[in-house]
Amino acid sequence: MRVGLLLLLCFVVPLGGAVELAPESQALLAAATSGEVDRVNDLLSQGVDVNTKNPTGRSVLHIAAFNGNLQTVRALLAAGADANLADGAGLTPLMEAASFGHLEVVRLLIQRGADVNAADQAGNTPLTLSNRGRHTEVSALLTEMGATEGGGKEEKK
């Protein structure tokens, strides 16, 4: 009996299967994607988790930062979004904004405590990603705020 139950669980409940999001979480992710700040605020006022993540671990703030939607980023941060929340690859919202040269979003995230030297799983920092995209103004701001290519970590020799 136990073996049969175990086999059933192995085949019916696969490990690492798709995560089902509640409809309101899906709505918040969609509103952030399309930059509908009024809809975002409405959903947040209804109690939807401000740090909702999609199945790949990208939060609502990641998506708004990626899209460069300053008003949505501002609304999410005001509602308590975690500016340093990393996705499945270790990317933070600041890395998303820096990658695409969204200067004002980068500035706001830094003002709200985003770590300028956070590194993803590949070792990329916001400055690395900004430099790669040749976003000179973003790179200058990050450098001014203490960012380094190595994330502030000294290389061991």
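Numbers 274 to 430, taken from our numbering, label the letters of the sequence shown in order. In this text, a Cβ means the ideal position worked out from N, Cα and C, and glycines have one as well.
Please name the residue, chosen from Arg385, Ile383, Gly419 and Ala371, that lies closest to Arg407 on a Cα-to-Cα basis. Position 134 of the sequence shown holds residue 407. For Arg407, the nearest C-alpha among the options comes from Ala371.
Cα separation between Ala300 and Ser318? On the sequence shown, position 27 is the one that residue 300 refers to. On the sequence shown, position 45 is the one that residue 318 refers to. One C-alpha to the other measures close to 13 angstroms.
Apply the 10 Å Cβ neighbour rule to Glu369 and answer buried if 16 or more other Cβ atoms are within range, or exposed otherwise. Counting from one through the sequence shown, the residue named residue 369 turns up at place 96. Buried: at least 16 other Cβ atoms inside 10 Å.
So, Val323 versus Leu376, is the Cβ gap smaller than 8 angstroms? To locate residue 323, count along the sequence shown from 1; it is residue 50. To locate residue 376, count along the sequence shown from 1; it is residue 103. No, the Cβ-Cβ distance between Val323 and Leu376 is not below 8 angstroms.
Quick check on the burial criterion: 16 or more other C-beta atoms within 10 angstroms. Buried or exposed for Thr325? Here residue 325 is taken as the residue at index 52 of the sequence shown, counted from 1. Result: buried.
Exposure label - Ala305; buried when at least 16 CB within 10 Å: Counted from its first residue, the sequence shown places residue 305 at position 32. The residue is buried, with at least 16 neighbouring Cβ atoms inside 10 Å.
Straight-line Cα distance separating Val379 from Thr409: Against the sequence shown, residue 409 aligns to sequence position 136. Against the sequence shown, residue 379 aligns to sequence position 106. Going by the C-alpha atoms only, they are around 13 angstroms apart.
Leu334 to Gly419 span [Cα, whole Å]: If you number the sequence shown from 1, residue 334 lands on position 61. If you number the sequence shown from 1, residue 419 lands on position 146. Taking the straight line joining both Cα atoms gives about 23 angstroms.
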